[in-house]
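Residue numbers (my numbering): -5 to 173. The beta-carbon is built from N, C-alpha and C at its ideal position, and this holds for glycine as well. Presented below is the structure to which this report refers.
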């Protein structure tokens, strides 16, 4: 498997090696690739990034289907306290690549979501590392929050709600109707 040095986590797979029955692959990122991805995603750290994938050829080799599982441990900043928040990512991977735009257009017109094409192949290769990086990014919590951390406005809002009667709005409406 070849790497593209310009991409943080690159694992280029030739589609010619897939064969009729498909292939199973186990991929993982080293500490340098993980650190580069963490910097790219603007998070504190990524460790243990790994995936088990099954690649298979469909429609006579015109489509490459990738399925499997992605796992990683990530550390992000809490959006409230800026303290580290660790979380385990475990995400299903389902991607499909077409080797030309005509096939992608035909499938788009059919509107069968299970056959949707996620990307086009460049030549006879697919970069599984970049695909996994994108899947990981989409699985990240956009607003990580440490357990037990409460925003000051939330506390004030709760205090106001506890002190007021939930039917006070109805009392005001009822008072207007009497005149």
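- Beyond the five residues adjoining it in sequence on each side, residue 75 comes within less than 8 Å, by CB distance, of 140 and 143 in the same chain, given in chain order.
- Taking a contact to require three or more Cβ pairs closer than 8 Å, the segment 55 to 62 and the segment 36 to 44 do not qualify as touching.
- Using a Cβ distance threshold of 9 Å, residue 136 and residue 79 do not count as a contacting pair.
- Check the Cα spacing between residue 24 and each of 2, 16, 133 and 14: the tightest is with 2.
- About 5 Å separates the Cβ atoms of residue 129 and residue 87, confirming a contact at the 8 Å cut-off.
- By the criterion of a C-beta distance shorter than 6 Å, residue 43 is surrounded in its chain by 23, 28 and 66, once the five residues flanking it on both sides are discounted.
- Short of 7 Å from the beta carbon of residue 72, and not among the five residues preceding or following it, lie these beta carbons of its own chain, in chain order: 79, 138, 139, 140 and 143.
- Annotation: the segment -4 to 23 contains the following complete segments of the beta strand (DSSP E) (minimum length 3 residues), in chain order: 6 to 8 and 17 to 22.
- Membership of residue 28 in the alpha helix (DSSP H) is indicated by the continuous run 25 to 35.
- Looking at the backbone, the Cα of residue 131 and that of residue 6 are separated by about 19 Å.
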